[in-house]
Amino acid sequence: DHAKTLSRREQLIMASKCKAITLETKYQIVTAVDANKQYKKQIADEFGISPSTLNTILKSKDKILEAYHSSDFDSARKKLRTADYKDVENVLFEWFKSVRDENVPLSGPILVVKADELSKKLGHADFSASQSWVERFKHR
1 DHAKTLSRRE QLIMASKCKA ITLETKYQIV TAVDANKQYK KQIADEFGIS PSTLNTILKS
61 KDKILEAYHS SDFDSARKKL RTADYKDVEN VLFEWFKSVR DENVPLSGPI LVVKADELSK
121 KLGHADFSAS QSWVERFKHR
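Under the working numbering, the sequence shown has 120 at position 120, and the numbering climbs by one with no breaks.
Structural data, given as structure tokens:
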């Protein structure tokens with residue numbers, strides 16, 4: 001057995017590594033607690049998380065349920081953050097789709113310029129698109 005050959009120190013290091021939990025798993029945890037069929041400790045053990053992690057998830061229960069039932073979130077996501085300027089992203093995405101449908105090639109710098117232009121029209125004087133912002137936009 002591999003686990004028995006590891007020293008206690010190695011086991012603790014492996015166990016303490018931070019594991020990101022998907023939205024799907026968080027939803028399953030919340031529903032398991034809501035079903036109240038087991039103690040929280042048993043649920044934490046079942047999902048391989050600490051009781052403190054379980055409590056952290058339960059503190060975000062409403063956000064988790066809302067995100068899970070929302071079409072904006074992929075259940076494989078691990079974080080519940082949303083974009084700061086969602087309206088800019090929505091308008092930019094609509095513009096992007098219309099330009100792409102016309103087979104116009106688009107690059108990152110073009111998206112930066114258009115995002116800045118749209119943000120000004122939407123009244124976001126403090127918004128400034130950058131290449132890294134465009135990369136995150138593409139991911140979203």
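Positions of the beta carbon are idealized from the N, C-alpha and C atoms, including for glycine. In this text the structure is predicted, and so the values were computed from the model without any measurement.
About 6 Å separates the beta carbons of Lys40 and Leu54, which is inside the 8 Å limit, making them a contact pair. In the same chain as Phe127, and ignoring 5 residues on each side of it, the C-beta atoms closer than 6 Å to its own belong to Tyr85 and Ser119, in chain order. DSSP, read as helix, strand or coil, puts Phe96 in helix.
Where Asp45 is concerned, the enclosing alpha helix (DSSP H) starts and stops at Lys40 to Phe47.
Annotated as proximal: Val134 and Val112, with beta-carbon spacing under 8 Å.
In the three-state reduction of the DSSP assignment, Ile21 falls in the coil class, being assigned neither a helical nor a strand state. Rounded to the nearest angstrom, the gap between the Cα atoms of Ser70 and Tyr27 is 12 Å.
Short of 7 Å from the beta carbon of His124, and not among the five residues preceding or following it, lie these beta carbons of its own chain, in chain order: Tyr85 and Val88. For Asn55, the enclosing alpha helix (DSSP H) stretches over residues Pro51 to Lys59. The criterion of a C-beta distance shorter than 8 Å is satisfied by Val33 and Ile43. Between Trp95 and Lys114, the C-beta gap is smaller than 8 Å, which places the two residues in contact. The three-state reading of DSSP puts His124 in coil, since its state is none of H, G, I, E or B.
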